[in-house]
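So in this note's numbering the end of the sequence shown lands on 476, straight run, no missing numbers. Some notes on the structure that comes next.
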Amino acid sequence: MKIPDPISIHPLPAIEAEITVPGDKSISHRAVMLSAISNGTCHIQNFLPSEDCLATANAFKKMGIHIENPEPSTLIVHGQGGNLLPPDSPIDCGNSGTTMRLLAGILAARPFSSTLIGDDSLSRRPMERIITPLSLMGASLKASGERNTPPLHIQGRSLPLQAIRYQLPIPSAQVKSAILLAALSAKGRTTVIEKIPSRDHTERMLRHFQVPINTFNGEISLTGGSKLESSDISIPGDISSAAFWIVAAAANPNSHLIVRNVGLNPTRTGFLRVLIRMGASIREYVQSSNSAEPSGTIEVHGSHLQATTISGPEIPNVIDEIPILSIAAALAEGTTTISDAAELRVKETDRLAAIANNLKIMDVDVQKTHDGLIITGSKKLKAAQIDSYGDHRIAMAFAIAGLFASGQTTIRNTACIATSYPSFFQTLSFLQKSNSQ
Ligand code: S3P
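Structure, rendered in structure tokens:
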């Protein structure tokens, strides 16, 4: 089903449903990348067939990796033990920062040169965060856009990279992952130090591919030269996609929602703890913890939410959920403060500005600060015309806001939703229909 543009949203009296969400975006990227550089054939189940993840798959196809796609969410990747062919033109990463930054880590140690490009949004995003550590490893790369933005040019090299010990200046799973992927081809033992933990999917998946990797006390170490043993992967549902429906149910006292087969990696579930602090009734049931990634069921009973504070070490864990948590704050009683979240200014759009502008249009009392938002909740949001600013999470968060508005809300510029959740609108229609029966 095509995503309509604009999307019209009507108030939803309650949610009473059981749903699943498509495969996790972060894990889908890593599944393709590690399979492609592994030593054999890997079957990937529940791959997310979104534009971002397809950009990653297309990048490896362009470098000679045979990838079969018998069904939209099944990939069979024929790894070539790290041998890739030189791309005959720039690799298009589309809207996906994860594709560009992680791929740079892999390409930094190849014997051929490559150029990574992206759409307008990705072309405005900072790349010095990966250029600095990869250059310390001996890689030669530069960003030719203004202020170290893409295109990213990576020079080929035949000698291995050098291992480094590197403390991340900002908590970022993309930067950590780029270094770890480069470290696979480095001489010696690389250690990445993170003061605040970020999502650990790369570490878990490297282990799944039999790469010895140590994590202790915020230090992640691996020695270059390990071969990746091909392995099949089953990807759980994306908890960041589930977050939209979880907030829609949690903020409505008449709602009851069950989400099945969803990822429950603790480096991603921080927003559940924020909602519970706000008074939400949420339970997690971990069903599979012996695979690379824990997964299970989330059950939500709606209630009246209360304001909270979101700041400090909690931020990296909830970074992608701040847009939808801002909607929860707009529906809660009291004033919620979000701080230490300046990273949101360099996501697919300046998310702090986009959230503040759109909440104001819905008549919510909101103040933007240099690194966060101060939001005072109101019982009813004003129906409005909302722009997504080309950012998928802004479009979906405000679609959920529309479920709580006084009349019909429209969301313009919705094509971006296909970067992470192409079937979002189907689930929305399903919930609206099941409510009217
Ligand atoms: C991601 C890491 C996060 C997150 C992004 C996906 C990943 O970015 O916001 O949506 O898959 O590694 P940062 O590493 O920039 O924090």
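We treat Cβ as the ideally placed atom computed from N, Cα and C, and that holds for glycine.
Please report the distance separating the alpha-carbon of G302 from that of N187. Approximately 34 Å between the Cα atoms of the pair.
Taking L191 as the reference, give the member of S197, M166, A202 with the closest Cα. Considering only alpha carbons, the answer is M166.
Are the region 51-70 and the region 85-93 touching, with three or more C-beta to C-beta distances below 8 Å? Yes, the region 51-70 touches the region 85-93.
Reference E372, options E268, E338, Q345, closest by Cα: For E372, the nearest C-alpha among the options comes from Q345.
Proximity to A143 [Cα-Cα], best of G103, P126, L220: Distances from the alpha-carbon of A143 to those of G103, P126, L220 put L220 closest.
Just to confirm, are I130 and S162 a CB contact at a threshold of 8 Å? S162 sits away from I130, with the two beta carbons spaced by 8 Å or more.
Return the chain-ordered list of same chain residues with a C-beta closer than 7 Å to the C-beta of C81, the five sequence neighbours on each side being excluded. The beta carbon of C81 sits closer than 7 Å to those of S74, V116, G118, S269, S270, D271, I272, all from its chain and outside the five residues before and after it, given in chain order.
CB of S65 to nearest heavy atom of the ligand S3P: below 7 Å? Taking 7 Å as the cut-off, one finds at least one heavy atom of the ligand S3P near enough to the beta carbon of S65.
With a threshold of 6 Å on Cβ separation, who are the neighbours of I377 within its own chain once the five nearest residues in sequence on each side are excluded? Answer for I377: I349, G411, L412, listed in chain order.
Count the other CB atoms within 10 Å of the CB of N304; is the residue buried (16 or more) or exposed (fewer)? Buried is the label assigned to N304, since at least 16 other Cβ atoms lie within 10 Å of its Cβ.
Going straight from the alpha carbon of H240 to that of D389, what length do you get? Going by the C-alpha atoms only, they are around 25 Å apart.
I'd like the list of long-range same chain contacts for N253, defined as Cβ closer than 8 Å, with 5 residues on each side in sequence excluded. Closer than 8 Å at the Cβ level, and outside the excluded window around N253, lie I259, S260, L261.
What do you reckon, are the CB atoms on R140 and V214 nearer than 8 Å? At a Cβ-Cβ threshold of 8 Å, R140 and V214 count as neighbours.
Determine the burial state of R432: buried for a count of at least 16 other Cβ atoms within 10 Å of its Cβ, exposed for fewer. R432 counts as buried, since at least 16 other C-beta atoms from the protein chains shown sit within 10 angstroms of its C-beta.
Could you pull the start and end residues of the alpha helix (DSSP H) that T138 belongs to? Run containing T138: 136-146, per the alpha helix (DSSP H) assignment.
Taking the continuous alpha helix (DSSP H) assigned at Q465, which residues delimit it? For Q465, the enclosing alpha helix (DSSP H) has its first and last residue at 463-475.
How far does the alpha helix (DSSP H) with G309 in it reach, from first residue to last? Element bounds for G309: 309-316.
Just checking A381 against the ligand S3P - is the residue's beta carbon closer than 7 Å to any of the ligand's heavy atoms? Not under cutoff, so the answer is no.
Taking the alpha helix (DSSP H) that N397 belongs to, which residues open and close that run? 390-400 is the span of the alpha helix (DSSP H), which, as asked, contains N397.
Looking at C-alpha atoms only, which residue of S334, G335, G341 is the closest neighbour of S320? A check of alpha carbon separations from S320 across S334, G335, G341 identifies G341 as the nearest.
Which residues in the same chain have their Cβ closer than 6 Å to the Cβ of L245, if we skip the five residues on either side of it in sequence? Same-chain partners within the cutoff: I252.
In chain order, what residues of the same chain have a beta carbon less than 6 Å from the beta carbon of T336, not counting five sequence neighbours either side? Excluding sequence neighbours, T336 sits near R299, Y324.
Under a three-way DSSP split, which group does Q213 fall into? Here Q213 sits in helix by DSSP.
How about S216: is its Cβ closer than 7 Å to a heavy atom in the ligand S3P? Relative to the ligand S3P, S216 has its C-beta within less than 7 Å of a heavy atom.
Give me the residue from I209, F151, I218 with the minimum Cα distance to L173. Looking from the CA of L173, the closest CA among I209, F151, I218 belongs to I218.
Answer yes or no: the CB of T95 versus the heavy atoms of the ligand S3P, is any distance below 7 Å? Flag unset: Cβ of T95 not near the ligand S3P.
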